[in-house]
Structures are given as structure tokens and as C-alpha cells.
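Chains as they are written, first to last, in the numbering used here: chain A, 6 to 395; chain B, 6 to 395. All C-beta atoms in this analysis are idealised placements derived from N, C-alpha and C, irrespective of residue type, glycine included. In this text the structure is predicted, and so the values were computed from the model without any measurement. In what follows, a single structure is set out as C-alpha cells and then discussed.
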DNA sequence: TGCCTTTCTTCGGTGGACGAAGAAAGTGAG
DNA sequence: CTCACTTTCTTCGTCCACCGAAGAAAGGCA
């Protein structure tokens, strides 16, 4: 149910890490495999040090189960969540715990070289600190705020970021760090992370990242859905009537982004003489009860909801998860909820949950780390684990 | 690539039936399995009479391949494509050929009993004729113009068709015919049929059925995507600004259906004093060059294109297939194309094909038959074939 | 104390797929 | 025409993953 090959070693690991299964018997029930098979798999993982036995659980009328645990702090992936004006870095363990999470300002629009320089520097230092703490680093996961070809790790035609087109982010970073790197769109890694951490049992999921820009990641049949050219999940450049003729960074007009993104809200506030630059500023203003800010955020929510309404009717997901900085603003979440319930088919919303991302500002980072752990496991020091494919 | 379990006997059959593979060696290349494995599978199918050897092909510098063929006319599924005001029936062979296709008028809105009565009557006669022609009937596939729970074969809350809610269409038909029945939404079976017949190598597909109503079927990862509650693919009840406050059969207002469906176009024509009742009338008027009709159809195309624009950006399919009666109107197809190319991300449209359904008015019927052949194979007389699952 | 449940392991199948080897049939250069 | 090389397809032994039966370990409950 979690996107990994069913029954594989990585699948076992995920079930234990998420707490879905705590003993071999649990795994038997969960996987539907024979007890002997599960025992063998678990033994491999224990031998490889990826799983440990830790005491016994409560009896259910018979022998007590031997509890399994993913040893935390053994292996981590480094993770970076790139925003257009900042980067967050941290390490993520097999249990999903984040370590040493840190943010610093960085303007991606100045081009790839300075950004990669700073990123490599911070990740190198982070890796050193993780080694010092006794943790092995198996790779790096990077979420990039624009289209990425996940096969080659290249950035593709990101709007508002000149110089990045076709930049080989994965290979350039790998050269500097000497570690296997996974690069994907930020909304995609967010979706992977939220799926695994908060909704591992759901199979069809739309995860929206509303921050300075707007993006979304899609989980279908329990797996990340990328679409034909890898640009699935774009809701940012959908035409919205309220945006009329506003020119968009994509070269078209009337895109959702021009009225509902953090950048657009900040610009609208500045037009009204209210100082707002980042999404953080917007959130502060909303919390302070600044009426213009609240109105704009609520309107943004209604516009996003309008587009998501089409998506929900068409895709009929089990949940819509709202992530990204702006999802911390209650009015936005409320507005999205309102519009979806108002416009969508009752059948599409009756069992739909519409929730904010479970891990707030770290959700994207943790997702990038999780994606790296899954994808790079085979290459990077987790012996015996088949590489997870998307 | 065709939605069946990869490597299964049914998969082999599909590859041969679609002409993708013509010999064992082709199958080896296509399936990526060992030659010995393929040989064994083929032998089973030949023994079961589902595959025949028919002569030899051209040499490619070595021994000539022994050509494989799906023997046509052996086994068929009956198929019924229900519209709100007509039913089409026919038989479909393993090669995808349709036999004895016939249409008659039937108003579904008068409730299920008379409809099922007539349908059972016609299918019984059809079955008798197929038997007389020496063909074995393995089951029946039915496309219904409204939401269907494919597991139970029940109709769910169809709009404009009182009396059908929770009607157990599959079981009622099975009682009368004594054959295994598959019931699904008409757009879903259309999508399955077009996928297999025209685009077997594509993995992500949106198939629109534009007729009296509007629906769509979605293929993701090569398989029919149903969504959480089975209502994925709905684009009919998306709010469209041009529809303003028009009340829709679904109880909401401003739905796409109220301005772009065949029913809406016919109503608009009647308002202008032009006699038009069915989609056939509309098509005739357009072909006759009636300006109002052409304008309305073109506008409908633009509205549908507007909604599909969101879908294409979000879902990033490899192809959009336009089916249903209205797709025979060139202006509609042209309008959809225009809007999609105008509004969507270049990355989403650069390799997108936007085409009309390959088999015109029979596409839905053939799809229903194909779905039945796939799904009912195991129960209904194709020994050794595992049931295909969705 | 004895019987039942639950948990987990051991061990001997079983079936699907693989790969090596070779047979069958053809092409084409010398 | 002959011989080397292709392509196609089959035969057969092997391997691997998983299964199921049986049993061992540990505990609940009458």
C-alpha cells in the first residue's frame, strides 16, 4: 500500500518504520505472505542491521510477539528542500525522523552555480556532523521548485529561474559530494513524504504545495504519478477567470499562479502599501489579523479550491493534502474546503479528507529524505534492498 | 503495456490480437521473457484453441517465424452500449472484430424494468444468432451512461434517470441471460476499448465521451483508473463560468454539462426554433452547415477544452481521445485542440496527441465487449486465463 | 496440570521462469 | 555447392521465491 514493490524487503521496512506492523505476525497479516517467507525476509534485514528486535509485546492469548524496530540513527539520507528564496537542509532516518534541520536564505533566481555551491557546502558540513554522530549517510534527496526530469536529474524549463534550464543538478551535486543524489520536483517529494508518513494506507492522493508558487504531487494506485512528460500535477498554470489577462511567468496569461501564489499575494499587499515580501510575512500578517492579507489569502484559497474542484471530480482521490508555507494559514485551508464541498460531486467528496500536511514546514524536507532512502537504498549502503522504482 | 498482468496468457493474447506481436520471437522481444517461457505459454494457448499457427512469415536472415493468429469467430462476448435514448448491441471477437451490430431506440429514463426487459430480449436473440454462426458466447459487457459500482454491478445515483439508483443491473441481467455479465460506466469501457484498439502502447490516456452527456475514462499506468469511489473521470459537473447559474441535473449550478452536452446543444437549438432532438440531429445540422448549430458545437468544444486543459496540465496524459457521438463533429474536435494548445503548458502538449476515437460510433460497444472478454475470460469458457483485474 | 492460542522456525516441496545447448530452417559469401 | 552465420523455436536441467505442514517456544485459562 505504500508504493514499494509489494512484499519486498523495502516494503517490510516501511511497514515497520511507519508502525503499521510491529512483529513478524503483524507482517504476515499485512503482507499476506506465508509466515516462513516473512521470517526469512525479516532475518535478512536483521542480519543487515536494518531491523532490530526489541523486547516483546503484549500477548494476545498466546506467545508474546517479538517486537521489531527500525534502528534509528543507523543510516540517514541527507535532504534539501529548495525554495525559490531559501534552502532547508537536514538528515532523515529510516524511521522518518529528521535531524539537524536548518534553513538559510538563498536566491535561486541568480542561477545554478552559486546555489549549488552553497548547497554543496552546507550538505558537506551536514554529512560531516552526521558521521560524527555515528550515522552513515547513504545519499541525498533534493526537492527542486520546478520541473525536473527524474531519470537524468536535470532541471527543465523552470519559470522565473533563468539559467537553470537543462541544468544537470543531480550530476553537478554528485560531483561535489561523492554521494548518490536523487533530484525531483518539490511537490513530488512532498507527496511521497506525506503519503508515507500520514496516509500510508491510501492509494489515491493529491498533495498541494502552496507557497511562493503552487504545485502538486499525485499518488495514484499507491505510486507517484508523473504523467507522460513528468509534469503531472501542474495546477499552477491553469487559467482562472479572476486572473483575467494578468501575464504569468510561464508566458501565458490568466494563470492561477498570478492570483493565488505567495508571490502574487505579496505583490498585491505591496500594491496596497503593506510591506510583505515572503510567505512568512504573509503568514505573520494573517496571524496579526491584517484584513487585506486575510482577504487575499482567503481568495487565494478559493481560487486554488476552484482548480482543485476540477481535479477532485476528475481524479476522485481519497485525500487532498495541503502543504507548503501557505497551508499554515487557516483561512486558506478553510476556503479550499468550502469550495471543494460546494462544487464537487457528492460522491467525490463524501469520503474525501481535506487536511493540512502533517509535518508542517518540514514536510517537504522529510519527503525528500524519504524518497532518497527508498530510491538510493540499493546503491548507497543498504545491501539487499532492491531499488524502488516509480 | 495493455493493462493485463504483464507476461500472463491474456497479455500474450492481446499482443497477438492487436498485431503487436506476430510470432514467438516477437513475443520474446515484446515481453522480455525467456524464449523457453514464451514457447510454453504459446503452446498452452494453442492447445486451448485460443491461438493458432498460420503459415510462416518473411525471413529476417534466418529461419522463418511461424506466425501466430487469434482464431477469429471462435469465442465472442456480447456487448451493449446503453445511451440515454438508445441501445446498441453486438458481439465482439477476440481480435476485436464486431459482429451483428445493431441499434434501437430505448428511453432509459422510463426506469430500469422496461429497459432490462428489452435489453435481455435483444441479447438473447443475439446470443442465439451467434451460436447459430458457430461462435461460443463467454459473457456480456455492458456500458451504462452513469456511475456504476463495478464490483457489485450496481448503478449509482445516475442523474436524469429516476428509478435506477442502486439498481442491480448486473445481477438482474445475469438472471435473465444465464451468462456472466460485466457492467461498467460507458466512458470507462470506451477508454478500455480505445486503449487496446488504438493506443495499446500508451500508458496514460484520457478518453472523453461527448454525446448527450459528457464523461471520461482514465487510463493511468496502463490500467483503468477508477479513483477512490469509482467516480474518477467526471468532467461533466465541473463549474464553468459560461454556464453561470444554469441549474444542472446533478442539483448544482453552472456545470459544464449545461452548456456543452448534446442535450444542452439540442435545447439551445430548439430555443432558437431549430428542430433538434438527438445528437444525430445536431450532427446533421452541422454537416448541413447550419450556422447556429456549428457555433454551438464549436462553443461546446471550447468549454470542454477549457476543462480538459486543467485535466491535461494536471494529469499530463500521452493522448486525449475524443469519442461519443459529438466527436464526429469536426468543429468540436478542432475547438478542443485549439483550446488545449492555447492554454496548456507546452511541456504537457508538446507530445500530446488529440485524436477522435478510432472506431467511431462502435467504439463504446467494442470497448464493452473487449472489457467483458478480458474480465470474464476465466469464468466463461476461456480455460487457463487468469481473470484480469483493474 | 493440561489444553488451547499465538508466535515463530525448520524443512521438504512446487511452480514459474531462466539459460545453455541444440535442432530446424534460411541467407549469403566464396 | 558448401560452409559459416542468423534467426527461430524446443528441450532440459537448474534456480529461486514462496508455500504449507509440522513442530518448537511461550503463554493464557479452566
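Give a yes or no on whether the C-beta atoms belonging to residue 186(B) and residue 151(B) are separated by under 8 angstroms. no
Does any CB atom of chain B fall closer than 8 angstroms to the CB of residue 209(A)? yes
Taking residue 309(A) as part of the alpha helix (DSSP H), name the residues at either end of that continuous run. Unbroken alpha helix (DSSP H) run through residue 309(A): 296 to 320.
Which residue comes first and which comes last in the alpha helix (DSSP H) that contains residue 346(B)? 335 to 348
Measure the alpha-carbon distance for residue 313(A) versus residue 240(B) and round it to whole angstroms. 12 angstroms
Assess, as a yes-or-no matter, whether the stretch 331 to 338 of chain B is touched by the stretch 210 to 220 of chain A under the definition of 3 or more beta carbon pairs within less than 8 angstroms. no
Just to confirm my understanding: we take residue 70(B), look at its own chain, exclude 5 residues before and 5 after, and list those with CB closer than 6 angstroms. What are they? 28, 30 and 62
Beta carbons nearer than 9 angstroms to chain A: which residues of the stretch 166 to 180 of chain B have them? none
Using the rule of at least 16 other Cβ atoms within 10 Å of the residue's Cβ for burial, across every protein chain shown, is residue 93(A) buried or exposed? buried
Return the chain-ordered ranges of every beta strand (DSSP E) run that is complete within the stretch 35 to 115 of chain B and spans a minimum of 3 residues. 57 to 61, 71 to 74, 80 to 87, 91 to 98 and 103 to 110
Are residue 337(B) and residue 377(B) closer than 8 angstroms when you measure CB to CB? Cβ atoms of residue 337(B) and residue 377(B): not closer than 8 angstroms.
Contacting residues, own chain, Cβ-Cβ under 6 angstroms from residue 350(B) (five flanking each side not counted): 318
Count the other CB atoms, across all protein chains shown, that sit within 10 Å of the CB of residue 252(B); report buried if there are 16 or more and exposed otherwise. exposed
Integer Cβ distance of residue 162(B) from residue 352(A), believed to fall under 8 angstroms: Contact annotation, residue 162(B) with residue 352(A): C-beta distance approximately 7 angstroms; criterion of less than 8 angstroms satisfied.
Provide the residue span of the alpha helix (DSSP H) that contains residue 357(A), from first to last. From DSSP, residue 357(A) is part of no alpha helix (DSSP H); its letter is neither H nor E.
With which residues is residue 33(B) paired in a DSSP beta bridge? Looking at the DSSP output, residue 33(B) sits in no beta bridge, so it has no partner there.
Give a yes or no on whether the C-beta atoms belonging to residue 40(A) and residue 47(A) are separated by under 8 angstroms. no
With distances taken Cα to Cα, identify the nearest neighbour of residue 361(B) among 298(B), 215(B) and 66(B). Nearest C-alpha to residue 361(B): 215(B).
Residue 190(A) (DSSP reduced to helix, strand or coil): strand
Endpoints, beta strand (DSSP E) assigned at residue 147(B): 141 to 149
By a C-beta neighbour count over all protein chains shown, 10 Å radius and 16 as the cutoff for buried, is residue 112(A) buried or exposed? exposed
Residue-chain proximity (residue 359(A), chain B), Cβ-Cβ < 8 angstroms: In terms of beta-carbon proximity, residue 359(A) stays away from the interface with chain B, with every pair separated by 8 angstroms or more.
Quick check on residue 59(A): buried or exposed, where buried means 16 or more other Cβ atoms within 10 Å of its Cβ? exposed
Whose C-alpha, out of 238(A), 283(A) and 101(A), is nearest the C-alpha of residue 199(A)? Among 238(A), 283(A) and 101(A), the Cα nearest to that of residue 199(A) belongs to 101(A).
Secondary structure of residue 282(A), DSSP reduced to three states: Three-state result, residue 282(A): coil.
Helix, strand or coil at residue 181(B) according to DSSP, with G and I counted as helix: helix
Assuming residue 148(A) and residue 86(A) make a contact with CB atoms under 8 angstroms, what is their CB distance in whole Å? 5 angstroms
Just to confirm, is the Cβ distance from residue 142(B) to residue 135(B) under 8 angstroms? Going by C-beta atoms, residue 142(B) is nearer than 8 angstroms to residue 135(B).
So, using beta-carbon positions, are residue 217(B) and residue 363(B) closer together than 8 angstroms? One thing to note: residue 217(B) has its Cβ no nearer than 8 angstroms to the Cβ of residue 363(B).
Can you find a CB in chain A that lies within less than 8 angstroms of the CB of residue 240(B)? yes
Spell out whether any CB of chain B is found under 8 angstroms from the CB atom of residue 230(A). Yes, contact with chain B.
With a Cβ-Cβ cutoff of 8 angstroms, do residue 18(A) and residue 72(A) count as a contact? no
For a cutoff of 8 angstroms on Cβ pairs, would you count residue 159(A) as touching chain B? no
Name the chain B residues whose beta carbon is nearer than 8 angstroms to that of residue 322(A)? 232 and 233
Against residue 189(A), what residues of chain B qualify as contacts under a CB-to-CB distance less than 7 angstroms, listed in chain order? The contacting residues do not exist; residue 189(A) stays about 15 angstroms from chain B at best.
Buried/exposed call for residue 226(A), threshold 16 Cβ in 10 Å: Classification for residue 226(A): exposed.
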